[in-house]
Every structure is written in structure tokens, then in C-alpha cells.
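Asker: As they're listed, the protein sequences go chains R and P.
Position in the first sequence (from 1) plus 40 gives the number in our numbering.
Just so you know, our numbering puts 96 at position 103 of the second sequence, and the rest follows in order with no gaps.
Below: one structure in C-alpha cells.
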Amino acid sequence: MPTDDDLTTLLRRGFAQATADLDPAPDLVHVVRRRHLSARRRRRVVAVAVPAAALAAGTGFALAGRNVPNHTPVAVPPPSAPTTSVAAPRTTQVTSVPMKPASYKVVLKDHSAPPNCPANATAPVGKSENPAGVWYWTENGTCVFIGVSWADTKPPNAAPVQIDGYPGLYGTLENGVRTIYAPVAPGTNDFHPRGGWVVLTVSANAPRELVVRLIVPAN
Amino acid sequence: MEVLGSSDFDEFVRESSPGLLRAAYLLTGDLGHAEDVVQTALIQVARKWPRIRDEPTLYARRAIINLAKNRWRDRSRRPRESIATVEPGYAPPDTNVLLQQVLLPAVMNLPVRQRAVLVLRYFQDLSVEQTAAALGCSTGTVKSQSHHALNKLREALGERADLEENDHAN
């Protein structure tokens, strides 16, 4: 029977032989940076959007009436989620990574479908089927409904919208309705493989930053 | 401190990734999984970089081991894999048959903690204390896990020798 020394000598040899030709991909640094950046964007959106609505709910505005028909509470991330955004960098540092054209996807699309802005909601955020969109309670205790729809092209009068961390957006402000157009690159949406625009509509008095909580960069 | 603007993070990735990839390969038994594990571990390192930049290797090793454990748990849902059968191209053509057909498959059949001890001790050449730190356990646990692992390998080699003797006898 081999001794421990014999075995460990064999092991060292076997390990060395089995891994002799293994080397990481030359672009590993770039891949790690890109994935890190992408993950951080997702964390920032989650950290800002839902916990803020949860905070509003915590003020007592939306917590009554647990037996509301056709209403299902929406899962809210654990309280520790917001802390992940503490180290979020300034967007100026993001430019060191090669960027693709802006493209977005809608978050919260798989959540339950309670009525639109229910006065006695048991959850701080939810999805409405008709009209299609998402409602949630803001920090100010008001319920905001954001319509979500689709357009193959944006209207010619849409102007670029500058919001930190959200490049490529366009918007209009007409008849008391603010509309944000978020680009969707071809091949990134199963229902619209040719790409187009996610259209987010909200009342004009709602801030633009509130609207973009519903989207995350998809590239 | 922002990792995206940090050249020392890039340097760490370049210097440590070959060793991490090889260790991950020995832990998972699959090159694709190993590459994914290394990428995920390095992303975890990137997130913690301001806090761990003085000793990132220890954190990266722990991440690799934990991710490999998770992969190993998932493995029950997939066909069995082993270094010897899945990636034969990664062994040089003159590799000893004993290593290829007996020892390395036996290593892959060890519990992941025992395998991790062997990889850290005899591939990465860590001391018992360093291995314990990487695994987050006591030095006594490292010694006992190593002892059990070597015994199992010894048994596997013994079974192989018995089979060969029987073949010769017949």
C-alpha cells in the first residue's frame, strides 16, 4: 500500500498534469469588469426602486385591507438590499468600459396583478393588467401609476432625456402626460425581436427619475 | 475606492486567475464550470475590493470553494463528470494511466470538502494553517479531512491493484 508521501507525490503530479494546459481567457479582465458593471447596475435599480416604495408603505398609507379581492402582495427584497448600493460609483467612471448602444428591459413585469393604485393595497408596489403598467407608493405617500407599452418607433418630437445612468432615453411632455421612450435593441426582447421602444407614461407632475425605476439597462 | 478605475485589481486578476482557474477545474471537474466559477468569484472580489485589497487571494479562494460546492450540489441533476472522462484533451498524452484512470477520478469522487483540502494542500501548496483559513475551519479539521481523503485514495489504488492481480491470474 502506498504511504502518504507516495500518494501526495502522485497527487501533485496528477494535479499538475491535469491542469498543465489550462489558462484563463485573455480577455478575462474585461469580462469580469463587464459582468461586475452589469451586476452593479441591477443592484442599483433594485436598491433604489422597490425599497423606496417599501419605505412609503411603511408610513402606513398602503397597509390596510388584506382581504382585497384580486390582489396579491408583491415580494419585497429583504431590508439589507439597499446597503449594496452604498459603494455605487459615479457614472463618469463607467466610461472606462466599452459601451454598447443603450438598450433596456422592464423590471417588475412578473409581479402579481392587483387593481390599479388600490387605496387599500397590502403591498407597496404592483402590476396592473388593464391598463398595462405598474403602480407604487412613493416616499411622499402618493400612489403613482406608470403605464408600460410598446412602440416600434419613437415620435419625431421626442427629445433626448438626460438622467444619470440611463443613456439613450427620449421623452415628451404633452397634455399633462410625461412619456419616456427607452430603446430596446434587436434580439433582446422575445416579443419584439426586431427591437423598438418601451414606452413609459406617467402624469406630468411625477419626476422623470421615478419613471426610470421601472427599467434596467439590458446590455 | 472604485474597482473599475483600479489597475491593481486588473493586476490581481492577471496574476491570480491561472491558479484560480486550475484550482476551480480540479474542484469542479469541468472546464466550463471552472471558468464560470472563476469569473463569478472575481466579480465577488471586485465588489469587495476596497475592503479586501490587502489580501484578495484569500477571499478569492474562499469564493471559488464555495461556488464549487454549490456546483457540486447541482451536479446530482446532471450526468456524472470527471476530469478523466470529460476533458481528456487537457492531460498530456504521456500521462500516467494510474493518474488518469484511477487517482484523478477517485479525487473527483471525494466529498467536496476533502477534495478542496487536497487541492489547496497539494496543488496550491498551502500550509495546514493557510488551508484552514481558506476553508474557514480549524487546522484539526484540515488534518482529519486530509487523512480521510488520502485513505480513500489509497483504497481506490488498492482496488485497482487487486483487479490487475486478478487479471494476471486469469
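We put the CB at the ideal spot given by N, CA and C, even for glycine.
1. Reducing DSSP to helix, strand and coil, say where residue 11 of chain P ends up.
2. With a Cβ-Cβ cutoff of 8 Å, do residue 138 of chain P and residue 93 of chain P count as a contact?
3. Taking 8 Å as the limit between beta carbons, can you name the residues of its chain near residue 126 of chain P, skipping five residues before and five after?
4. Cα-Cα, which of R/80, R/197, R/65, R/78 is closest to residue 29 of chain P?
5. Can we say the region 8 to 16 of chain P touches the region 236 to 255 of chain R, given the rule of at least three CB pairs closer than 8 Å?
6. Do three or more CB pairs link the region 18 to 32 of chain P to the region 215 to 224 of chain R at distances below 8 Å?
7. Using a C-beta to C-beta distance shorter than 8 Å, which residues of chain P count as neighbours of residue 67 of chain R?
8. Going by CA-CA distance only, name the one from R/218, R/72, R/191 that's closest to residue 201 of chain R.
9. Note down, in chain order, every chain R residue with its Cβ under 7 Å from the Cβ of residue 3 of chain P.
10. Which of the three DSSP states is assigned to residue 48 of chain P in this structure?
11. Should residue 129 of chain P go down as buried or exposed, given a rule of 16 or more other Cβ atoms within 10 Å for buried?
12. Per the DSSP calculation, residue 239 of chain R is bridged to which residue(s)?
13. Can you tell me which of the three DSSP states residue 104 of chain P falls into?
14. Reducing DSSP to helix, strand and coil, say where residue 199 of chain R ends up.
15. Comparing alpha-carbon positions, which option in R/232, R/238, R/209, R/144 lies nearest residue 188 of chain R?
16. Would the beta-carbon of residue 144 of chain R fall within 8 Å of that of residue 256 of chain R?
17. With residue 47 of chain R as the anchor, note down where its alpha helix (DSSP H) starts and where it stops.
Answerer: The structure says:
1. Here residue 11 of chain P sits in helix by DSSP.
2. Not closer than 8 Å, so no.
3. Contacts found: 51.
4. Residue nearest to residue 29 of chain P within the set R/80, R/197, R/65, R/78 is R/65 (criterion: CA-CA distance).
5. Verdict: no, contact absent.
6. With the rule of 3 Cβ pairs closer than 8 Å, the region 18 to 32 of chain P does not count as touching the region 215 to 224 of chain R.
7. Residues of chain P passing the Cβ test: none, with the nearest at roughly 11 Å.
8. Among R/218, R/72, R/191, the Cα nearest to that of residue 201 of chain R is on R/218.
9. Within chain R, the residues near residue 3 of chain P are 69.
10. DSSP places residue 48 of chain P in coil when its eight states are reduced to three.
11. Exposed is the label assigned to residue 129 of chain P, since fewer than 16 other Cβ atoms lie within 10 Å of its Cβ.
12. For residue 239 of chain R, which the question treats as bridged, DSSP gives the partners R/189, R/221.
13. In this structure, DSSP gives residue 104 of chain P a state outside helix and strand, which the three-state scheme calls coil.
14. Residue state, collapsed to three classes: strand.
15. Taking only the C-alpha atoms, the option nearest residue 188 of chain R is R/238.
16. The answer is yes: Cβ separation under 8 Å.
17. First-last of the alpha helix (DSSP H) with residue 47 of chain R: 44 to 59.
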